Amino acid sequence: MDALTAHLDELGHGLVTTVHLTVVTTIGALLLGVVVATLRVCPVPLLRSVGTVYVEVLQNLPLLALLVLFVFALPTIGITFPLFTSAAIVIAAYEGAYLAEAIRAGINTVGVGQAEAARAIGLTFSQSLRYVILPQGLRAVVQPMGNICIALLMNTSLAAAVGVVELTQAANNVNLVEAQPIAVFTGAGLAYMLLALLIGRLAGTLERRWAIVR
């Protein structure tokens, strides 16, 4: 416990970085997920193929390998980003593939008749998706998307491997000084657990609220 109290500033900074990285990547992954899910249900075969390839590739590559490749390989061809930005881009792109599949599953829960009715009143594909199908589809998969966001939170710890001083890296730095791994990493684990519970509670609240509206 002394190891934690003696390094509260360092651990607190790591926690703030973890929260910041989680928020940024969640927003990016959600936006990307909507775009890719739209491609996956698009009537244009080429665009559907683009969405499918994106999902298949990202879901079958390890996130850590992508992080290392992005951070250490791109500079060799003259492309560099700050470490935090690099981690945010890779994690958002990776989790966006999973969110895209969850959103596509939600879209598939909307009855075919509603899409046909939208076309019957003159709405284009993009208009029917935006105003009729997507709002209902998102409501149907709030909890699965919440679970993916929890996984995203946990995956931010991999940013430590490429030099981002988030909570896991901060805990490791403290442990190198204090040599108290049980206390230090238990504290970090509890912080992750509390954040995950908060995300789960938020997802549950949104699911109940939107279910009542629907």
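In this text, residue positions in the sequence shown follow my numbering: the first is 963, and each later residue adds one. Just so you know, even glycine gets a beta-carbon here, dropped at the ideal spot from N, CA and C. Keep in mind it's a predicted model, so treat the numbers as computed, not measured.
Rounded to a whole number of angstroms, what is the C-alpha to C-alpha distance between residue i and residue j?
{"i": "L1025", "j": "L1156", "result": "23 Å"}
{"i": "T984", "j": "I1053", "result": "9 Å"}
{"i": "A1082", "j": "V1074", "result": "12 Å"}
{"i": "V1175", "j": "C1111", "result": "With a pLDDT of 47 at V1175, under the threshold of 50, the modelled position of that residue is not reliable, and the figure given next carries that caveat. Taking the straight line from one Cα to the other gives about 23 Å."}
{"i": "L1164", "j": "G1068", "result": "19 Å"}
{"i": "L977", "j": "S1090", "result": "41 Å"}
{"i": "G1058", "j": "L1001", "result": "13 Å"}
{"i": "V998", "j": "T987", "result": "16 Å"}
{"i": "A1133", "j": "W1172", "result": "38 Å"}
{"i": "T979", "j": "L1129", "result": "7 Å"}
{"i": "Q1131", "j": "G1166", "result": "30 Å"}
{"i": "V1104", "j": "A1153", "result": "23 Å"}
{"i": "G1084", "j": "G974", "result": "54 Å"}
{"i": "Y1093", "j": "N1109", "result": "25 Å"}
{"i": "P1007", "j": "M1107", "result": "26 Å"}
{"i": "D971", "j": "F1087", "result": "52 Å"}
{"i": "S1048", "j": "E1078", "result": "42 Å"}
{"i": "A1035", "j": "T1042", "result": "9 Å"}
{"i": "G1149", "j": "P1005", "result": "50 Å"}
{"i": "R1170", "j": "G1040", "result": "49 Å"}
{"i": "L1160", "j": "V1139", "result": "31 Å"}
{"i": "G1151", "j": "N1022", "result": "27 Å"}
{"i": "G1162", "j": "T1038", "result": "40 Å"}
{"i": "Y1060", "j": "L1031", "result": "20 Å"}
{"i": "R1010", "j": "V1003", "result": "6 Å"}
{"i": "Q1142", "j": "Y1016", "result": "43 Å"}
For the ligand SAH, is there any heavy atom lying closer than 8 Å to the beta carbon of residue i?
{"i": "V997", "result": "Annotation note on the ligand SAH: not contained in the displayed structure, which lists no ligands."}
Residue range of the alpha helix (DSSP H) that residue i falls in?
{"i": "Y1060", "result": "L1045 to N1070"}
{"i": "C1004", "result": "Unbroken run through C1004: none, as it is neither H nor E."}
{"i": "I1110", "result": "V1104 to N1117"}
{"i": "T1130", "result": "L1129 to E1140"}
{"i": "R1081", "result": "V1074 to A1082"}
{"i": "F1087", "result": "F1087 to S1090"}
{"i": "L1029", "result": "L1025 to V1030"}
Does the beta-carbon distance from residue i to residue j come in below 9 Å?
{"i": "G995", "j": "I1065", "result": "yes"}
{"i": "A1121", "j": "L1029", "result": "yes"}
{"i": "V981", "j": "V1124", "result": "no"}
{"i": "A1145", "j": "L966", "result": "yes"}
{"i": "G1099", "j": "T1118", "result": "no"}
{"i": "G990", "j": "I1051", "result": "yes"}
{"i": "F1147", "j": "N1137", "result": "yes"}
Among the options, which residue has its Cα nearest to the Cα of residue i?
{"i": "G1168", "options": "E1128, R1101 and L1159", "result": "The identity of residue 1168 in the sequence shown is Leu, whereas the question assumes Gly. Ranking E1128, R1101 and L1159 by Cα distance to L1168 puts R1101 first."}
{"i": "L1020", "options": "T1038, A1062, V1139 and H975", "result": "A1062"}
{"i": "V1127", "options": "E1018, F1046 and G1099", "result": "F1046"}
{"i": "E1018", "options": "L1008, N1070, Y1056 and I1144", "result": "Y1056"}
{"i": "L992", "options": "L1114, N1135 and P1143", "result": "L1114"}
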